[in-house]
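Numbering of the sequence shown is given in the numbering used here, commencing with residue 5 and proceeding in unit increments. Ideal placement from N, C-alpha and C gives every residue a C-beta, glycine not left out. Working notes, beginning with the structure itself.
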Amino acid sequence: MKLWADEPLNTAVVDFEYTAGRKGHRKVLQMAIANANGEWIVPSTNINYGTSSEELESEIDHLATGSFQSAKAIRKIYDVQDESLLPWRTPREIANMIEHYSTEHGPIKTVLFWSPSFVDFESLTEILQLAQRDDLIPSRPRMTAQPLTWWRFARKELGLEGNLMLQLGEVHKSLFPESKLNGHWHQAGADVRMTLDLIDFYFQKIRGQPHRAKIENYLFASCEDQQPADLAGEQQPAKNAHHNGAEYTWDSDVENDWDSNDDDEVEDSEQDDSDSESDDDDCDSESNDDDCDSESNDDG
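Printed below as a string of structure tokens:
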């Protein structure tokens, strides 16, 4: 997480909505990417594959995995949502936006997501591979550097209940009960904003700085008003990091704690991926799914 403090413009926070299934058997439906300052790299967008929702459902049925949940996800994203609210972009257009941003601000050096598995990073890779531009992102990040991992250890410091589920929407609602974002959980743009809120809250609260309490800065803005071309001129922080006006100093001891036994933890998380991906997929692809809300594990 040192890059969060030192190079916020080169740190990407991502979220993806996708159909249920294992790697190679799911379909990305919606995505959003912002930098650590909360500025859009790719505003929330539906994925345009050049096919109809019926054709996508047929493809999922052919893959024969999670077809019922996948059909519900496809209808939620492509049929129910007002198409005027979100743009539809092809993988090539998404790759072009990331390339444009990287030209202006330098390459993306790390990717953060709220998940117990690498499914969001794999989804980003799959989209860019379709455009033959997976060179635009770094190699797979360490799971120990992901916010969900260290939020598990922060729960006691925050005084949160021990049985609080660490799903993204549940944690955000417990800390920011008045936020309008809570009603948009499982939409890519809202999930990115909530992840930013929680990362920022961690640094401001746990690391000893007062929380700035400006959640309204993260509420929905027009996607088309926040194109990467509008992000020019931002200055990177020097010794101290400034995130939306709040200052904090990076604590090297924290980084050392996260890095200790990192390889072992990554191996453990990789072994758990196959078990957690299915649950994670179902939660990410359902807007108001009682099953997701009632899970007893700590998955995001």
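* Is it right to say residue 54 is buried, meaning 16 or more other beta carbons lie within 10 angstroms of its own, or is it exposed? -> Residue 54 comes out exposed.
* Asked: Which residues bound the beta strand (DSSP E) around residue 38?
  -> 32-39
* **Given residue 194 as reference, the closest of 118, 62, 6 and 165 once Cα atoms are compared** => 118
* Throw me the rounded Cβ distance for the residue 30 and residue 36 pair, which I believe falls under 8 Å. => In fact, because the Cβ distance is near 17 Å, the residues do not count as touching under 8 Å.
* To do: Go ahead and pull the three-state DSSP assignment for residue 91.
  => Residue state, collapsed to three classes: coil.
* Would the segment 39-55 and the segment 193-207 be scored as touching if the rule is three or more Cβ pairs under 8 Å? -> yes
* Taking the CB atoms as reference points, tell me whether residue 7 and residue 49 lie closer together than 7 Å. => no
* Which partner residues of residue 50 appear in the DSSP bridge assignment? -> 34 and 92
* Ignore the nearest five residues each way along the sequence and tell me which others in residue 109's own chain have a CB closer than 6 Å to its CB. => Cβ within range, chain order: 13.
* Is it true that the segment 170-177 meets the segment 144-160, where meeting means three or more beta-carbon pairs spaced less than 8 Å apart? -> yes
* With 16 other CB atoms within 10 Å as the buried threshold, where does residue 92 fall? -> With a threshold of 16 other beta carbon atoms within 10 Å, residue 92 falls short and is exposed.
* To do: For residue 19, write down the residues that DSSP places opposite it in a beta bridge.
  => Partner(s): 36.
* Is residue 131 closer than 7 Å to residue 32 when the C-beta atoms are compared? -> yes
* Asked: What is the residue span of the beta strand (DSSP E) that residue 114 lies within?
  -> 114-116
* Residue range of the alpha helix (DSSP H) that includes residue 149 -> No alpha helix (DSSP H) contains residue 149, which DSSP labels as neither H nor E.
* Asked: Is it right to say residue 197 is buried, meaning 16 or more other beta carbons lie within 10 angstroms of its own, or is it exposed?
  -> buried
* Asked: Pick from 140, 51 and 114: whose alpha carbon is nearest that of residue 148?
  -> 114
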